[in-house]
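Structure record follows, encoded as structure tokens.
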Amino acid sequence: MNNAALNLDVNALLPELSMVVAAVVVMFLDVFNRGGRSVTRPVLPWVALLGVLAAAGASVWLLGQPVSTFQDMAIADLFAEGIDLVILVATGLSILLSVKYIPTVNPQTGEIYALLLLVASAMMVMGSAIDLIVVFLALETFSLGLYILSGVNRGNALSSEAAMKYFLLGAFASGFFVYGAALIYGATGATQFSQIGMQVMSGQADLNLLYPGIALLLVGFGFKVSLVPFHMWTPDVYQGAPTTITAFMSVATKAAAFAAFYRIFLVALPAQQPVWGWALAILAVLTMTLGNLAALRQTSLKRLLAYSSIAHAGYILIGLTTGTPAGADAALFYLLTYAFMNIGAFGIVTLLEQPGQMDVDISAVRGLGKRRPLLAFTFSVFLFSLAGVPPLAGFFAKFFIFGAAVQGGWSWLAAIGMLNSAIGAYYYLRIVVDMYFAEPTEETAIASKRSYAAAFGLAIAVVFTIGLGIFPNLWTALLEGGLNQIAMR
Amino acid sequence: MDFSMIFFILVAALSVGAAVGVVASRVAVHSALFLLVHFVTLAILYITLDAQFLAAAQVIIYAGGIVILILFVIMLIGSQPFTGRAGYRTWVPFAGVALGLLMVAGLAYAIVQTPLMPATLPANAGGVPEELGMFLYTQNILLVELAAVLLLVALLGALLLAKWPKAERIVN
Amino acid sequence: MITVPYLLSIITFLPLVGAVLVVLVPGDAVKKWLAFLFSLATFAISLLLWTGWQNGAPGMQFVETAPWFPQIGVYYTLGVDGISLFLVLLTTLLMPIAVYFSMLYVKKSIGAYMALMLALETAMLGVFLSLDLVLFFVFFEASLIPMYFLIGEWGGQNRIYAAVKFFVYTFAGSALMVVAILLVYFSTGTFNIVELQFAQIAPAVQMWGFIAFALAFAIKTPLFPFHTWLPDAHVQAPTAGSIILAGVLLKMGTYGYLRLARPIFPQAAVQMGPIVATLAVIGIIYGALVAVKQQDIKSLVAYSSVAHLGYVMLGLVAFNMIGISGSVLQMVNHGLSTGALFLMVGLLYERRHTRMLDDFGGLWKSVPLFCGLFLVVALSSAGLPGLNGFVGEFAIMQGAFIYAPIFAVVAAFGVILAAWYLLTAFRKMSQGEITNEENARGQLKDLRLSEVLMVLPLVVLFFVIGIFPNLLFDKINPSVEAYMAQQSVRIEQGAPMTGLSLQLPDGLALSNE
Amino acid sequence: MVPTNYYLILGAMIFAIGAIGVLSRRNALIIFMCVEMMLNSVNLTLIAFARQWNNLNGQIFVFMIMAVAAAEVAVGLAILIAHVHHSKSINIDDINVMKW
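Protein chains in written order, with this note's numbering: chain A, 9 to 497; chain B, 25 to 196; chain C, 67 to 579; chain D, 24 to 123.
What follows is the structure, encoded as structure tokens:
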């Protein structure tokens with residue numbers, strides 16, 4: 009047939025490919041375990057990390073290249089590479105935290121690291137996807153991987169429960185997503201974003217099918233990034249999954265799903281902004297407010313961070329609500345800073361977890377400031393940053409998001425967002441209070457774990473949490489100093 | 025009313041009936057058998073839509089693969105009878121039904137708004153595997169690659185979850 | 067004349083460098099002295115601002131600027147004018163005193179304490195020196211973290227409650243300010259505070275922006291209904307924390323009002339002026355009346371701060387030359403007087419470990435030096451003619467009288483009340499017979515030389531400012547004059563405000579791209 | 024020839040029946056079957072649209088959904104079995120779907 013269609017620009021997907029290759033290498037190396045003694049197992053996380061670094065190198069290299077596409081299915085623009093870097097940061101930090109932690113959860117580390125890399129590569133594809141089918145496949149791939157990863161703690165009922173619940177609700181949500189995609193295809197006859205956009209612009213699209221399609225798409229999306237009222241799985245899954253996996257998915261899932269939806273909304277459905285803008289604004293208000301209010305009452309650190317991550321999804325959603333490229337850039341920066349501070353916070357939780365325990369009670373941090381001053385300091389940096397206190401990265405992330413909102417005429421939404429961050433400050437502060445001002449209890453007297461790899465990861469996270477707060481333009485300088493990274497094709 | 029219409033209505037009725045059967049059955053095995061019927065009716069409808077290849081795939085993958093796997097799992101874990109639990113909120117099923125009906129009403133309303141009829145009869149190209157294969161393996165090669173990653177993930181996952189770790193076996 | 071490049075940056079960040087060094091060096095004694103040296107050095111360097119000052123120049127001096135996040139117009143810009151000069155000097159002066167006091171009396175983890183104090187100094191100086199809205203906000207919020215730890219870790223019985231209340235109140239207060247800052251940016255295209263004084267903003271935006279800014283500053287100041295965090299924070303804070311909190315931190319609110327809320331939203335500020343003035347006057351009377359009833363000297367001083375800052379706000383709202391100049395001076399005066407009061411209370415507390423007035427009596431007989439100094443400090447705070455407090459309050463009254471006589475009349479009662487509660491407190495403490503054994507001559511030690519030296523600079527300044535106020539006014543007035551002139555032009559030029567226009571701006575989006 | 028709308032409404036009905044099943048049943052296996060049914064209704068919708076627009080994108084999409092369903096069933100049943108090992112029950116309510 010038409011062989012001209014086969015000009016494949018593999019470069020466009022180089023970072024994703026490096027991840028897949030790294031996953032395969034990890035799987036092959038894992039084979040050498042079977043000889044009775046585990047020969048390669050200690051090396052595996054570092055091999056996986058090498059893959060992440062290679063992919064990051066490829067992403068950075070692609071930043072300097074002109075925008076290229078892979079058969080109108082995937083695109084390598086600055087936005088896609090930015091999302092790639094966010095996901096790679098999340099993956100890299102999670103691997104560092106996992107080095108000591110994951111073997112205590114499940115000895116089959118080879119499969120786990122390979123899965124983690126494959127999941128990350130699928131997420132990266134999601135950031136570059138410009139076709140509904142690609143989005144769906146990538147979404148399903150990383151979702152399946154995450155269902156499994158949240159259940160790898162075979163000895164723990166909470167973990168298998170989390171996997172079960174996540175799987176059923178995730179598959180349910182996928183149904184909504186794919187039905188929405190089908191209706192959009194029905195309305196326009198196309199699955200590529202740019203063609204959908206052209207059909208909609210030219211008025212040929214059937215709006216009676218398009219609007220329900222957008223609504224169903226939003227439901228599926230809401231489940232994936234845990235927007236209220238589609239969030240009920242989040243606390244249970246975040247609590248039940250192994251903590252480093254929770255850390256990974258709290259950031260990377262959001263990055264991937266938000267990236268895909270920015271593209272769908274900005275490229276395929278820009279004309280409908282007045283319709284979905286309002287729907288998203290209402291969702292954002294609900295998500296921020298309920299997430300923060302629910303977090304106030306939590307006593308488990310992991311559940312608290314889960315509700316806090318729901319609230320943060322609400323803040324990021326504000327960027328999408330505006331429907332402007334500036335909003336997309338702000339969200340990209342938010343996701344990057346969120347990767348450092350949130351994975352950092354979960355990283356502390358992994359160090360505080362007692363063997364066999366999958367969670368940390370909030371009272372366990374009492375007096376941490378006296379027993380482990382450095383750990384407590386690190387944790388406070390992450391918490392203050394999550395609260396959005398300057399001069400930490402979290403402040404500028406919020407500043408840009410709300411800036412995009414004000415610029416787009418959504419000042420009231422920004423105001424609600426800021427008030428919410430004040431509520432958030434209260435529960436983050438509660439942990440800091442316990443760490444520094446409360447006397448140590450017997451529970452805290454038990455020594456926390458020590459891991460050089462995790463310490464290294466946390467150090468990186470802290471440096472960037474502070475560094476991006478003082479020099480936020482480091483990031484935009486990497487993206488060639490310009491804003492509006494999303495390519496309109 | 026021509027023959028194709030009557031045929032469609034009959035198959036559709038059977039399909040909906042089977043779907044209700046899946047939801048309403050008390051025992052999981054019955055649900056699985058209803059599901060089998062449902063899948064087959066859909067395959068028939070695919071043929072009426074000129075998607076012969078997908079109809080075959082439907083029978084092979086869904087009816088032949090998925091339902092069998094489900095039945096296998098039911099046999100493995102045993103079909104347990106319904107056990108009531110204290111604290112179960114009885115409004116939940118009703119809320120679910122109400123929500124579902126609301127959804128179907130809304131969707132049907134939206135769908136009925138514009139009558140859709142294919143302008144030209146398709147040249148019966150879509151159903152032929154050759155056309156589909158060419159389209160898939162030239163312009164949609166990325167999808168194939170992604171599907172490969174998807175299946176690799178599923179494989180790894182099944183491996184990870186099915187293999188009971190040695191250390192654990194000792195504990196249990 | 068010595069000219070130092072990057073003088074303002076050096077002044078701002080020298081304490082932060084000190085904070086890092088204090089954490090790194092070993093040994094408590096070394097940490098203490100290092101912290102003291104750094105705060106003293108900062109003070110010494112800040113004196114270069116005085117010597118290098120161009121008298122009569124109204125604009126910003128020693129300006130430095132560097133791109134910080136130029137893509138969205140955020141610059142690192144520092145500068146100082148007559149309005150901020152004395153607040154900077156006040157900060158750098160009070161800090162060594164507070165640090166020295168802490169050297170003598172703070173026992174618990176001194177290194178962390180000193181590092182936080184120095185970090186706090188950087189944040190406060192940054193607030194007074196920054197000429198970029200974003201930079202201002204970063205410093206404004208950053209000051210919360212060290213203060214929060216200072217109260218929460220080294221405070222009194224109820225310290226955790228007070229620390230959290232302090233943090234959440236002020237954080238929530240400034241939450242809306244972020245949105246207002248963005249609104250300002252997208253309607254003017256600049257974050258530069260000097261440029262913003264000339265920018266025109268649509269009336270509807272002005273109203274929202276003013277409310278958001280004024281709310282943040284009203285909580286910080288604190289203005290009457292937003293003051294409830296202050297007594298808690300003051301009573302619980304360690305002495306040095308109280309000195310800094312009252313002396314400098316509260317000024318960030320009034321300074322912010324003067325530097326930002328008033329000039330950026332002139333019409334809205336004029337319209338809302340009577341409301342703010344009313345709150346200020348209520349604060350004056352309420353603060354004084356509550357102070358009269360206090361048993362705890364520290365909480366008495368805390369409520370007196372509510373009253374005193376009411377005067378400052380009143381002078382700012384009056385918005386005439388004399389009112390604003392008086393307010394600027396009064397900010398400095400309040401910092402000196404109240405700082406000194408907290409210092410005296412702290413010295414007494416370290417001796418007796420109580421602050422209840424009933425526990426004292428007849429102290430004049432046992433510790434005359436302390437009582438003499440305390441009397442001078444109290445009189446300065448009460449506004450006795452010849453001392454510093456009088457000059458500022460008098461100027462503010464004049465300004466308020468021009469604005470609306472009723473405010474001046476009511477506020478004048480506050481002066482009488484201030485004299486009443488301060489002198490009552492003094493009488494209960496020092497006069498009469500010694501009723502409590504522990505206050506006896508042999509039991510209670512009078513001030514040592516080092517302690518007198520701590521208070522002395524402040525007392526000297528009371529007299530200097532009280533007798534030669536023009537030393538300060540000479541530098542304050544040109545800036546205030548220019549500020550006034552340029553503001554009145556703007557109010558005339560701007561679109562008329564018709565009623566309370568509180569609808570959201572529509573055509574705001576993308577107006578500057 | 025049957026109009027496309029008829030297929031679409033049939034698809035919507037099956038989708039809703041599946042959703043009702045997910046929300047109201049408590050047996051994890053039956054919920055899983057309902058999810059599969061929902062995916063199938065989407066397949067029907069897509070094929071109908073593919074005929075309507077006379078292009079193959081819809082059919083490719085269906086093919087991919089089938090691949091996903093196959094992968095999902097493998098993973099899902101593995102998770103289910105792992106869960107049953109722990110809880111000895113497949114009542115969905117044991118894992119509290121509606122819990123906040």
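C-beta atoms are modelled at their ideal positions from N, C-alpha and C, and glycine is treated no differently.
Chain B contact for residue i (CB, 8 Å cutoff)
i, result
"Val58 (chain D)", "no"
"Ile32 (chain D)", "yes"
"Val142 (chain A)", "yes"
"Met132 (chain A)", "no"
"Val91 (chain D)", "yes"
"Val65 (chain D)", "no"
Residue environment, residue i, which counts as buried when at least 16 other CB atoms sit within 10 Å
i, result
"Ser258 (chain A)", "buried"
"Leu23 (chain C)", "Within the shown structure, residues of chain C are numbered from 67 to 579, placing residue 23 (chain C) beyond reach of any answer."
"Met99 (chain B)", "exposed"
"Asp26 (chain B)", "exposed"
"Tyr469 (chain C)", "buried"
"Met209 (chain A)", "exposed"
"Gly122 (chain C)", "exposed"
is_contact[residue i, chain C] using C-beta, thresh 8 Å
i, result
"Leu429 (chain A)", "It is worth fixing the name first, because residue 429 (chain A) is Ser in this sequence and not Leu. True, the Cβ-Cβ gap to chain C drops below 8 Å."
"Ala181 (chain A)", "no"
C-beta neighbour in chain D for residue i, strict 8 Å
i, result
"Pro139 (chain B)", "yes"
"Arg311 (chain A)", "no"
"Phe27 (chain B)", "no"
"Met127 (chain B)", "yes"
"Ala198 (chain A)", "yes"
"Tyr70 (chain B)", "yes"
Residue-chain proximity (residue i, chain A), Cβ-Cβ < 8 Å
i, result
"Leu429 (chain C)", "no"
"Val25 (chain D)", "no"
"Gly181 (chain B)", "yes"
"Ile176 (chain C)", "no"
"Gly89 (chain B)", "no"
"Gly44 (chain D)", "no"
"Ile37 (chain D)", "no"
Nonlocal neighbours in the same chain, by C-beta distance under 7 Å from residue i, ignoring five residues either side
i, result
"Phe167 (chain C)", "Thr305, Ala306, Leu409, Gly412 and Met520"
"Leu366 (chain C)", "Ala357, Gln360, Tyr487 and Ala491"
"Gln66 (chain B)", "Here residue 66 (chain B) is Leu; the residue named in the question, Gln, does not match the sequence. Closer than 7 Å at Cβ, skipping near neighbours: Ser39 and Gln82."
"Thr307 (chain A)", "Asp369 and Ile370"
Spatial neighbours of residue i in its chain, beta-carbon cut-off 8 Å, leaving aside the 5 residues before and after
i, result
"Thr78 (chain C)", "Leu144, Thr188, Leu191, Gly192 and Leu195"
"Asn300 (chain A)", "Tyr315, Ser316, Ala319, Asn428, Ile431, Gly432 and Tyr435"
"Thr320 (chain C)", "Phe283, Thr287, Leu375, Val378, Met379, Leu382, Ser393 and Met397"
"Ile226 (chain C)", "Gly218"
"Val397 (chain A)", "Phe403 and Ala433"
Close Cβ partners of residue i (< 6 Å) along its chain, the five nearest in sequence each way excluded
i, result
"Met463 (chain C)", "Ala474"
Practice prompt. Examine the Cβ distances between the stretch 255-268 of chain C and the stretch 279-296 of chain C and report whether three or more of them are shorter than 8 Å.
Written response: The stretch 255-268 of chain C makes no contact with the stretch 279-296 of chain C: fewer than 3 CB pairs, one atom from each, lie closer than 8 Å.
Item to complete: Kindly provide the ranges of any beta strand (DSSP E) runs that are 3 or more residues long and lie completely inside the stretch 116-199 of chain C, ordered along the chain.
Response: List check, beta strand (DSSP E) in window: 127-135 and 140-146.
Worksheet entry | Segment contact flag, the stretch 373-385 of chain C with the stretch 330-350 of chain C, C-beta cutoff 8 Å, min 3 pairs | Yes, the stretch 373-385 of chain C is in contact with the stretch 330-350 of chain C.
Item to complete: Count the CB pairs spanning the stretch 145-158 of chain A and the stretch 114-134 of chain A that are closer than 8 Å, and state whether there are at least three.
Response: The stretch 145-158 of chain A, when compared against the stretch 114-134 of chain A, does touch it at the 8 Å Cβ threshold.
Worksheet item: Would you call the stretch 72-86 of chain A and the stretch 216-223 of chain A touching, i.e. three or more CB-CB distances under 8 Å?
Response: The stretch 72-86 of chain A is not in contact with the stretch 216-223 of chain A.
Worksheet entry | Validate contact between the stretch 412-423 of chain A and the stretch 327-346 of chain A using beta carbons, cut 8 Å, 3 pairs | Contact holds: three or more Cβ-Cβ distances are below 8 Å.
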